[in-house]
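Visitor:
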Amino acid sequence: MAVFRLTFTKTKRDKLAQVLWILNWISVVTGIILFSLGLFLKVEINKRGELMAERNIQYVPNMLIAVGLIACAINFLGGKICYDCVDTTKFLRWKLIMLPYILCTFFFTFCVLVGALMCYSMHGELEESLNLGLTEAIRFYKDTDTPGRCFLKQTVDMLQIQFKCCGNNGYKDWFQIQWISNRYLDMSQKEVVDRLRSNVQGKYLMDGVPFSCCNINSPRPCIQQQITNNSAHFHYEHQTEELNLWMKGCRQALLEYYTHILQSIGLSVLIAWLFELSVLTGVRYLQTSLENGLRQGDLNSESDGWLLEQSFMETARVNLNIIKSLGKCNQIDTANNGDPNINIPCTSKANYGPDNVPPKEIPEAS
Amino acid sequence: MPFMPVKFNLQKRVKLAQGLWMIYWLSVIVGILIFSLGIFFKIELRKRSEMMDNNESHLVPNLLILVGLLACGVSAFGGKVCHDSLDPVKFAKWKPMLKPYLLLCCGFNALMLLTVLLCFLMQFAVYLTLAEGLKNSIKFYKDTDTPGRCFMKRTLDMTQIEFRCCGNNNFRDWFEVQWISNRYLDMSNDLVKDRVLSNVEGKYLMDSVPFSCCNPGSPRPCIQHHLTNNSAHYDYDHRIEELNIWTRGCREALFSYFSNMMNSIGMLIIATIILESADMAGLKYLTTALETMEDPENPECESEGWLLEKSVKETFSEMLAKMKTLGASNQVEGGDAAEAAT
Numbered sequence: 006m007a008v009f010r011l012t013f014t015k016t017k018r019d020k021l022a023q024v025l026w027i028l029n030w031i032s033v034v035t036g037i038i039l040f041s042l043g044l045f046l047k048v049e050i051n052k053r054g055e056l057m058a059e060r061n062i063q064y065v066p067n068m069l070i071a072v073g074l075i076a077c078a079i080n081f082l083g084g085k086i087c088y089d090c091v092d093t094t095k096f097l098r099w100k101l102i103m104l105p106y107i108l109c110t111f112f113f114t115f116c117v118l119v120g121a122l123m124c125y126s127m128h129g130e131l132e133e134s135l136n137l138g139l140t141e142a143i144r145f146y147k148d149t150d151t152p153g154r155c156f157l158k159q160t161v162d163m164l165q166i167q168f169k170c171c172g173n174n175g176y177k178d179w180f181q182i183q184w185i186s187n188r189y190l191d192m193s194q195k196e197v198v199d200r201l202r203s204n205v206q207g208k209y210l211m212d213g214v215p216f217s218c219c220n221i222n223s224p225r226p227c228i229q230q231q232i233t234n235n236s237a238h239f240h241y242e243h244q245t246e247e248l249n250l251w252m253k254g255c256r257q258a259l260l261e262y263y264t265h266i267l268q269s270i271g272l273s274v275l276i277a278w279l280f281e282l283s284v285l286t287g288v289r290y291l292q293t294s295l296e297n298g299l300r301q302g303d304l305n306s307e308s309d310g311w312l313l314e315q316s317f318m319e320t321a322r323v324n325l326n327i328i329k330s331l332g333k334c335n336q337i338d339t340a341n342n343g344d345p346n347i348n349i350p351c352t353s354k355a356n357y358g359p360d361n362v363p364p365k366e367i368p369e370a371s
Numbered sequence: 058m059p060f061m062p063v064k065f066n067l068q069k070r071v072k073l074a075q076g077l078w079m080i081y082w083l084s085v086i087v088g089i090l091i092f093s094l095g096i097f098f099k100i101e102l103r104k105r106s107e108m109m110d111n112n113e114s115h116l117v118p119n120l121l122i123l124v125g126l127l128a129c130g131v132s133a134f135g136g137k138v139c140h141d142s143l144d145p146v147k148f149a150k151w152k153p154m155l156k157p158y159l160l161l162c163c164g165f166n167a168l169m170l171l172t173v174l175l176c177f178l179m180q181f182a183v184y185l186t187l188a189e190g191l192k193n194s195i196k197f198y199k200d201t202d203t204p205g206r207c208f209m210k211r212t213l214d215m216t217q218i219e220f221r222c223c224g225n226n227n228f229r230d231w232f233e234v235q236w237i238s239n240r241y242l243d244m245s246n247d248l249v250k251d252r253v254l255s256n257v258e259g260k261y262l263m264d265s266v267p268f269s270c271c272n273p274g275s276p277r278p279c280i281q282h283h284l285t286n287n288s289a290h291y292d293y294d295h296r297i298e299e300l301n302i303w304t305r306g307c308r309e310a311l312f313s314y315f316s317n318m319m320n321s322i323g324m325l326i327i328a329t330i331i332l333e334s335a336d337m338a339g340l341k342y343l344t345t346a347l348e349t350m351e352d353p354e355n356p357e358c359e360s361e362g363w364l365l366e367k368s369v370k371e372t373f374s375e376m377l378a379k380m381k382t383l384g385a386s387n388q389v390e391g392g393d394a395a396e397a398a399t
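So the protein sequences, as listed, match chains A and B. Each number in the working numbering corresponds to the 1-based position in the first sequence with 5 added. Each number in the working numbering corresponds to the 1-based position in the second sequence with 57 added.
Printed below as a string of structure tokens:
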């Protein structure tokens, strides 16, 4: 009892082959798109590499790049096969390769699906990485003279300007660290020394933020210093003031940005997966109908095509038996006095491939 | 004696027709490119129109859009003629339209030449408009409560951040205007009152700049206030400090941006003029080659193609004579009509 059996005339088969050829080429383009999406994601992650702590997030773009390249190769081969299937003589060339090709493509579609799901699972790791990375970046903001961290200040400033955010969770993160280097603090002034001594770690803390936190939409010139001191500024109340600085934290802003990219990429990969699956189904039908036509002896007549020859459970059982018998064949039977040269047939019920036609008995040479 | 004659056999004619067809489609693509560049230019001008007092001239982008559309249309028609040229039946349809079409192409080339000139000359107008517009923008920076100018502050801040510039000529332009609104000045404070009274116009002037002038690449946190006062900041000398705020003026920055854009567009249009001229020459050769076939029934015969039927001088004198007779015939008819009336 075949699974989803369909009848194909010669013209229907030819049409199917042509349609599959076009679809395979579209899949090659889809593979190129997947590859470039993976490359884009890799570039975007590396651009902000300074702001992310070491975490295992490179596997997602790498997987996408690999999947894209393999998809191109597989569909290119598939297109060639389908193009040749219209011609009988050329089909015979590909006959033996078609079944392994279909199996490979089937496992490959699983990889594509895994790739799509990974896009959605990256969220947690990314958040962790950004959290740690931004905390470090804000701490080392002042170290513009330390080799390896010279440009961290510029990176953080550009980030806050571009993504319209301030600090890790909010602007108050800047109150907890010293973001002005000691090189620019006048240690001879009493005020500065007092402030340094006022906390355990000897840091110059203040309720001020860098200029990059300033909100350009504010109707009044930016208030960066003494933010929590209402009396320091005319007509100012920091509890209700929302337009002066950016209110969003940079971790949330970056996370939203990357989540948006990942969701779009995930959706594209899912669509590519559905497309690949449909192409695979078409190729399977083409293969089975051509082989059945060959078996009948006349490729120009009608033939049946199916997805699986027997029902799903039977096919699974048969394949498991094959795998078990492969294992048995490898074990030498010690019952015959350990003589490995005696020929013992493997099983009584052998499966001879999709045709299931036992080979002719070779007459014993006398 | 035809001008620049060339002999054609069947193969050469076919090759010419095919090559010309491809060049015409290339011209269509270039026309689309010019059209989209015109739209891009228009959008950029609109985006920065607040910096130019909403006074900027949209002549060049409008002309570019027109030229782009015309190029598409003219080239598509030319491509169709080339495609049909080797079939005598189809070609006979297009024959009467060829002369007016070539004249139209000449006119179109003249229009493109005018556009190129405008691209290069209008840069002066853009410069002057920018100078005037930026001066006013800086003046109205503080007026975030005046309808029509609410977003001047935001636009100017965004421009200074995006183009990495400060002020009109340089950052000192901010010292000459009051850029903090009176709403945020505590008039009861003595310091504020002194400063306001210290100049004739009663403006609150100071040697500070807005935060958007700050350079993120500076190793030290941005110094915005008391810029010219070295003692107000530790280890600071305003004469040698270059990384603190942007030193370039916004007029220069914006002008160089628009100037680059207009120069590139001008170059593209010059290339298009050359392309269109090549198209016209090719089409003229093809049509004359097809017309001078001795035996129209036999496609294998040789024929001659040229650019002008007579030499350049003779063609010009003929044209002038024709124009004179046109004028003379009008007068003669007028005389006749006057005679008939009496």
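Every residue gets a Cβ at the ideal spot worked out from N, C-alpha and C, and that includes glycine. Predicted, not measured: the structure shown is a model, and the values here were computed from it.
Is K177 (chain A) helix, strand or coil by DSSP?
Guide: helix
Visitor: If you pair each beta-carbon of the region 237 to 245 of chain B with each one of the region 207 to 227 of chain A, do three or more pairs fall below 8 Å?
Guide: Contact annotation: the region 237 to 245 of chain B touches the region 207 to 227 of chain A, with at least three C-beta pairs closer than 8 Å.
Visitor: Measure from the alpha carbon of N187 (chain A) to the alpha carbon of each residue in A:C171, A:T151, A:Y176, A:H238, then state which is nearest.
Guide: A:T151
Visitor: Using 8 Å for Cβ pairs, my map puts A74 (chain B) next to L116 (chain B). What's the rounded Cβ distance?
Guide: Approximately 39 Å separates the beta-carbon atoms of A74 (chain B) and L116 (chain B); this is outside 8 Å, ruling out the contact.
Visitor: Would you say L67 (chain B) faces chain A, with C-beta separation under 8 Å as the test?
Guide: no
Visitor: Helix or strand or just coil, what does DSSP make of G392 (chain B)?
Guide: In this prediction, G392 (chain B) scores a pLDDT of 49, lower than 50, which makes its location untrustworthy; the coordinate-derived value is nonetheless stated afterwards. G392 (chain B): helix per DSSP, three-state reduction.
Visitor: Please give the ranges of any beta strand (DSSP E) in the region 282 to 363 of chain B, keeping only runs that are unbroken, at least 3 residues long and fully inside the region.
Guide: 360 to 362
Visitor: Take D309 (chain A) as the anchor and find which of A:V91, A:M123, A:E296 has the nearest alpha-carbon.
Guide: A:E296
Visitor: Distance cutoff 8 Å, beta carbons only. Does S238 (chain B) sit that close to anything in chain A?
Guide: yes
Visitor: Where W99 (chain A) and G73 (chain A) are concerned, what is the direct C-alpha to C-alpha distance, given to the nearest angstrom?
Guide: Using only the alpha carbons, I get a separation of about 24 Å.
Visitor: Determine the chain A residues that contact Y291 (chain B) at a beta-carbon separation under 7 Å, and present them in chain order.
Guide: Y189, L190, D191
Visitor: If you draw a straight line from the C-alpha of Q68 (chain B) to the C-alpha of R18 (chain A), how long is it?
Guide: Rounded to the nearest whole angstrom, the C-alpha separation of Q68 (chain B) and R18 (chain A) is 42 Å.
Visitor: With 8 Å set as the bound, which would you pick, yes or no: does the beta-carbon of Y342 (chain B) sit closer than that to a beta-carbon of chain A?
Guide: no
Visitor: What residues of chain A sit near C271 (chain B), judged by a beta carbon separation below 7 Å?
Guide: F216
Visitor: Could you check whether the region 170 to 177 of chain A touches the region 154 to 162 of chain A, counting it as contact only if at least three pairs of C-beta atoms, one from each stretch, sit closer than 8 Å?
Guide: no
Visitor: What's the C-alpha gap between E319 (chain A) and K253 (chain A)?
Guide: Whole-angstrom Cα-Cα distance: 59 Å.
Visitor: Taking only beta-carbon atoms, is G362 (chain B) less than 8 Å away from chain A?
Guide: no
Visitor: For C271 (chain B), write down the residues that DSSP places opposite it in a beta bridge.
Guide: B:I302.
Visitor: Is the beta carbon of G36 (chain A) closer than 8 Å to that of C77 (chain A)?
Guide: Result yes, Cβ atoms of C77 (chain A) and G36 (chain A) sit closer than 8 Å.
Visitor: I want to see whether chain A comes within less than 8 Å of M263 (chain B), judged by CB atoms only; does it?
Guide: no
Visitor: Buried or exposed for A395 (chain B), please, with buried defined as at least 16 other CB atoms from any protein chain shown within 10 angstroms of its CB.
Guide: Unreliable placement is indicated for A395 (chain B), whose pLDDT of 49 sits below 50; the coordinate value is still reported in the next sentence. A395 (chain B) is exposed by the Cβ-count criterion.
Visitor: Is there a Cβ from chain A that is less than 8 Å from the Cβ of C279 (chain B)?
Guide: yes
Visitor: For the region 166 to 185 of chain A, enumerate the residues whose C-beta is nearer than 8 Å to any C-beta of chain B, in chain order.
Guide: I166, W184, I185
Visitor: Suppose only complete runs of 4+ residues qualify. What are the alpha helix (DSSP H) ranges in the region 13 to 87 of chain A, listed by chain order?
Guide: 15 to 52
Visitor: Whole alpha helix (DSSP H) runs in the region 125 to 158 of chain A with 4 or more residues, listed along the chain?
Guide: none
Visitor: Beta-carbon of D202 (chain B) versus every beta-carbon of chain A: anything under 8 Å?
Guide: Using a CB distance cut-off of 8 Å, D202 (chain B) counts as an interface residue toward chain A.
Visitor: What residues from the region 230 to 253 of chain A come within 7 Å of chain B, judged by C-beta to C-beta, listed N to C?
Guide: F239, H240
Visitor: Locate the beta strand (DSSP E) running through K64 (chain B), then write down its first and last residues.
Guide: 63 to 65
Visitor: For V8 (chain A), which of helix, strand or coil comes out of DSSP?
Guide: strand
Visitor: In chain A, which residues lie with their C-beta within 8 Å of the C-beta of D214 (chain B)?
Guide: I221
Visitor: Report the residue from A:I79, A:I62, A:I70 whose alpha carbon sits nearest the alpha carbon of V288 (chain A).
Guide: A:I79
Visitor: Alpha carbons only, please: which of A:C87, A:V197, A:F216 is nearest the one belonging to L285 (chain A)?
Guide: A:C87
Visitor: Quick check: what's the CA-CA separation for S273 (chain A) versus G76 (chain B)?
Guide: 40 Å
Visitor: Does the separation of the CB atoms of I326 (chain B) and C163 (chain B) fall below 8 Å?
Guide: No, the pair does not count as a contact, with Cβ atoms beyond the cut-off.
Visitor: Closer than 9 Å between beta carbons: that is the criterion. Which residues of the region 101 to 135 of chain A meet it against chain B?
Guide: none
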